[in-house]
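Student: Sending over a structure as structure tokens; questions will come in a sec.
Chains as they are written, first to last, in our numbering: chain X, 3 to 142; chain G, 3 to 142.
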């Protein structure tokens, strides 16, 4: 499990997964020892109607790893004057989300589901709403 | 998140989850602070043909938490002279698997998927094959 495509100016920071495909199904492992942070909680999002938009916030602290379990999820990222997006699928990579990066997820397909690993416990104080402008957001 | 139905002689040890249902989907959190062990790795099983049987082994050490993400998975457990089974679904409970308990999973529906939290790193030495008789298995 290695981090790739992580140039300093790239919001899209990928972690390589190594799913094992067999006739009896696919096994995808996430060994915390190989991550750039130690998860203390996870949450997963499922049963989302196709086309639904979720997220729309940044976190003041902590890292998250976004793993698409099924379907396709478009992830939009913003920080300062940068904006990038990617389609996350249930394949061999997961998206590493750094603190301060605003993120929004669009669940493109019915049955799309997302597993998120978090470096910190849940805290309302960590959230920065998407309604806050970029310039103001940077001051928080 | 609390452990329930955990009498000393019961192989089926459940951990309560508290999924949040909304029109925009379902969010299910697993906060490691609330678990009876600290996960160091996860793996998830997906794209399994309906009717497929997986597992069929015990672990000499460590605990696992089995969370059904979608579909229905029948879990068969054995230890000593006890045998119990349960249908795991994507609902409000997860199955806690103790060391020494032999387990087999049957993926009943197409699209059934399983997320497993593990207390220990992967090790071949931890596995006890289902082909080993119960009496012999107890000696390992």
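No residue lacks a Cβ here, since even glycine has one placed at the ideal position from N, Cα and C.
#1: Is the CB of residue 50 of chain X under 7 Å away from at least one CB in chain G?
#2: I believe residue 75 of chain G touches residue 108 of chain G by the beta-carbon criterion, under 8 Å. Please report the beta-carbon distance rounded to the nearest angstrom.
#3: Residue 16 of chain X to residue 85 of chain G, Cα distance in whole Å?
#4: Would you report the Cα separation of residue 38 of chain X and residue 70 of chain X, rounded to the nearest angstrom?
#5: Taking DSSP as the reference, what is the three-state secondary structure of residue 23 of chain G?
#6: For my contact list, residue 114 of chain G and residue 50 of chain G are in at a C-beta cut-off of 8 Å; report their separation, rounded to the angstrom.
#7: Please give the ranges of any alpha helix (DSSP H) in the segment 77-101 of chain X, keeping only runs that are unbroken, at least 4 residues long and fully inside the region.
#8: Hey, is residue 17 of chain G's beta-carbon within less than 7 Å of any beta-carbon in chain X?
#9: Strictly below 8 Å CB to CB, what residues from chain X border residue 123 of chain G?
#10: Does any CB atom of chain G fall closer than 7 Å to the CB of residue 47 of chain X?
#11: Taking Cβ-Cβ distances shorter than 8 Å, what residues in chain X pair up with residue 56 of chain G?
#12: What residues match up with residue 116 of chain G in a beta bridge as DSSP calls it?
#13: Comparing C-alpha positions only, which one of X/36, X/129, X/92 sits nearest to residue 103 of chain X?
#14: Based on DSSP bridge pairs, tell me the residues matched to residue 110 of chain X.
#15: What does the alpha-carbon distance come out to for the pair residue 79 of chain X and residue 14 of chain X?
#16: Among G/124, G/81, G/117, whose alpha-carbon lies nearest the alpha-carbon of residue 147 of chain G?
#17: Using 7 Å as the limit for Cβ to Cβ distance, is residue 95 of chain X near chain G?
#18: Going along the chain, which residues of its own chain have a beta-carbon closer than 8 Å to the beta-carbon of residue 125 of chain G, five neighbours each way excluded?
#19: Can you have a look at residue 60 of chain G and say buried or exposed, based on whether 16 or more other CB atoms are within 10 angstroms of its CB?
#20: Distance check for residue 25 of chain X and residue 127 of chain X, CA to CA, integer angstroms please.
#21: At which residues does the beta strand (DSSP E) containing residue 128 of chain G begin and terminate?
#22: Mind listing which residues of the segment 59-83 of chain G have their C-beta closer than 7 Å to chain C's C-betas, in chain order?
#23: Less than 7 Å separating the beta-carbons of residue 112 of chain X and residue 52 of chain X?
Tutor: Quick look at the numbers:
#1: Numbered from its first residue, the first chain carries residue 50 of chain X at position 48. It does; some Cβ of chain G falls within 7 Å.
#2: Along the second chain, read from residue 1 onward, the residue named residue 75 of chain G stands at position 73. Along the second chain, read from residue 1 onward, the residue named residue 108 of chain G stands at position 106. Right, the Cβ-Cβ distance comes to about 7 Å (below 8 Å), so this counts as a contact.
#3: Taking the first chain and counting its residues from 1, one reaches residue 16 of chain X at position 14. Taking the second chain and counting its residues from 1, one reaches residue 85 of chain G at position 83. The alpha-carbon atoms of residue 16 of chain X and residue 85 of chain G are separated by roughly 43 Å.
#4: If you number the first chain from 1, residue 38 of chain X lands on position 36. If you number the first chain from 1, residue 70 of chain X lands on position 68. If I take the Cα positions, the gap works out to 18 Å.
#5: Here residue 23 of chain G refers to the residue found at position 21 of the second chain. Shown here, residue 23 of chain G sits in a strand according to DSSP, grouped into three states.
#6: The residue you call residue 114 of chain G lines up with position 112 of the second chain. The residue you call residue 50 of chain G lines up with position 48 of the second chain. Right, the Cβ-Cβ distance comes to about 6 Å (below 8 Å), so this counts as a contact.
#7: With a minimum length of 4 residues, no continuous alpha helix (DSSP H) run stays inside the segment 77-101 of chain X.
#8: Here residue 17 of chain G refers to the residue found at position 15 when the second chain is read from its first residue. It does not; no Cβ of chain X falls within 7 Å.
#9: Numbered from 1 along the second chain, position 121 holds the residue referred to as residue 123 of chain G. Simply 33, 35.
#10: Walking along the first chain from the start, residue 47 of chain X turns up at place 45. Yes, residue 47 of chain X counts as interfacial toward chain G.
#11: Locating residue 56 of chain G in the second chain gives position 54, where the first residue counts as 1. The contacting residues are 26, 27.
#12: Taking the second chain and counting its residues from 1, one reaches residue 116 of chain G at position 114. Residue pairing by DSSP places residue 116 of chain G opposite G/47, G/70 in a beta bridge.
#13: Your numbering for residue 103 of chain X matches position 101 in the first chain. Closest option to residue 103 of chain X, judged by alpha-carbon separation, among X/36, X/129, X/92: X/129.
#14: Translated into positions along the first chain, residue 110 of chain X becomes position 108. Partner(s): none; residue 110 of chain X has no beta bridge.
#15: Taking the first chain and counting its residues from 1, the one referred to as residue 79 of chain X is at position 77. Taking the first chain and counting its residues from 1, the one referred to as residue 14 of chain X is at position 12. If I take the Cα positions, the gap works out to 8 Å.
#16: In the structure displayed, chain G extends from 3 to 142; residue 147 of chain G sits before or after that span and is not available.
#17: Start at 1 with the first residue of the first chain, and residue 95 of chain X comes out as number 93. By this cut-off, residue 95 of chain X is not an interface position.
#18: Here the question's residue 125 of chain G lines up with position 123 in the second chain. Only residues of its own chain outside the window of five on either side were considered, and among them none has a CB closer than 8 Å to the CB of residue 125 of chain G.
#19: By 1-based counting over the second chain, the position of residue 60 of chain G is 58. It is buried - the Cβ of residue 60 of chain G has at least 16 other Cβ atoms within 10 Å.
#20: Numbered from 1 along the first chain, position 125 holds the residue referred to as residue 127 of chain X. Numbered from 1 along the first chain, position 23 holds the residue referred to as residue 25 of chain X. Taking the straight line from one Cα to the other gives about 45 Å.
#21: The residue labelled residue 128 of chain G in the question sits at position 126 within the second chain. No beta strand (DSSP E) holds residue 128 of chain G; DSSP gives it neither H nor E.
#22: The displayed structure is made up of protein chains X and G, and chain C is not among them.
#23: Counting from one through the first chain, the residue named residue 112 of chain X turns up at place 110. Counting from one through the first chain, the residue named residue 52 of chain X turns up at place 50. Yes, the pair counts as a contact, with Cβ atoms nearer than the cut-off.
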